[in-house]
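Asks:
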Amino acid sequence: MPILGNYLRLSEIRLNHLLEHPDEVHAALYDDLSIAEAQRLKLGTSWHIIHFLLTGNVWGGPAPLAYAVMGGYPVGPQDRGYGPVRYLRVDQVRLVADALWNVSEEALCTRFDVAVMRRAGVYTGTGGDAENEDDICVKFQALKVFFWDAAAQDDAMLVYLD
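Written as structure tokens, this is what we have:
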């Protein structure tokens, strides 16, 4: 089963509620029908590739770009199998949005090298097949816009792997 990267935009008030009641996180991610599709972003299996292309690191890397995929703080102690749901506050979302906006799609995608990623141990989906470069570039652009829209709306964010 592939590991999929996901995001959910939410108000700072809703985030604070979830931090006080981490047992409600699952319902917020999967059962809350009031959440519009525009508040969600699914990177699929490209999450780790994008992180690597942004930071040059398999895990971690320089802030604030490292926060775009691997950042945030755990919402409660629960590990969901691929780590806990993590959150970014509004000010962190703004920092990431600004940093992402300064990375051109062309600059990011010129770093795409399947052999380098495989040697480094970057997760590239089930079977070890890296997604194609065009798909990564499209998803990176979607990530930039998602963070930019979240920052413009003063939204916080949940980041999680399924």
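Per the numbering used here, the sequence shown starts with residue 49, numbered consecutively.
C-beta: ideal position from N, C-alpha, C; glycine also.
(1) Can you tell me whether Val-164 is buried or exposed, with buried defined as 16 or more other CB within 10 angstroms of its CB?
(2) Considering Leu-143, what are the terminal residues of the alpha helix (DSSP H) in which it resides?
(3) Check this for me: beta carbons of Ala-199 and Val-141, under 8 angstroms apart or not?
(4) Pick out the complete alpha helix (DSSP H) segments inside the region 61-140, 4 residues or longer, and give them in chain order.
(5) Leaving out five residues on either side along the sequence, give the residues of the same chain with a beta carbon under 8 angstroms from the beta carbon of Pro-50.
(6) Using only alpha-carbon positions, find the residue among Leu-191, Gln-201 and Pro-122 that is nearest to Trp-95.
(7) Alpha carbon to alpha carbon, how far is Asp-161 from Tyr-78?
(8) Give me the Cα-Cα distance between Ala-114 and Leu-81, rounded to the nearest whole angstrom.
(9) What do you get for Arg-128, buried or exposed, if any count of 16 or more other CB atoms within 10 angstroms of its CB means buried?
(10) Once DSSP output is grouped into helix, strand and coil, what is the label at Arg-159?
(11) Distance, Cα to Cα, Ala-204 vs Ala-86?
(12) Taking DSSP as the reference, what is the three-state secondary structure of Val-193?
Replies: This is what the structure gives:
(1) exposed
(2) Looking at the DSSP string, the run of the alpha helix (DSSP H) that includes Leu-143 is 138-149.
(3) yes
(4) 73-78, 95-103 and 115-118
(5) Gly-92, Thr-93, Gly-173 and Thr-174
(6) For Trp-95, the nearest C-alpha among the options comes from Leu-191.
(7) 34 angstroms
(8) Taking the straight line from one Cα to the other gives about 30 angstroms.
(9) exposed
(10) coil
(11) 14 angstroms
(12) helix
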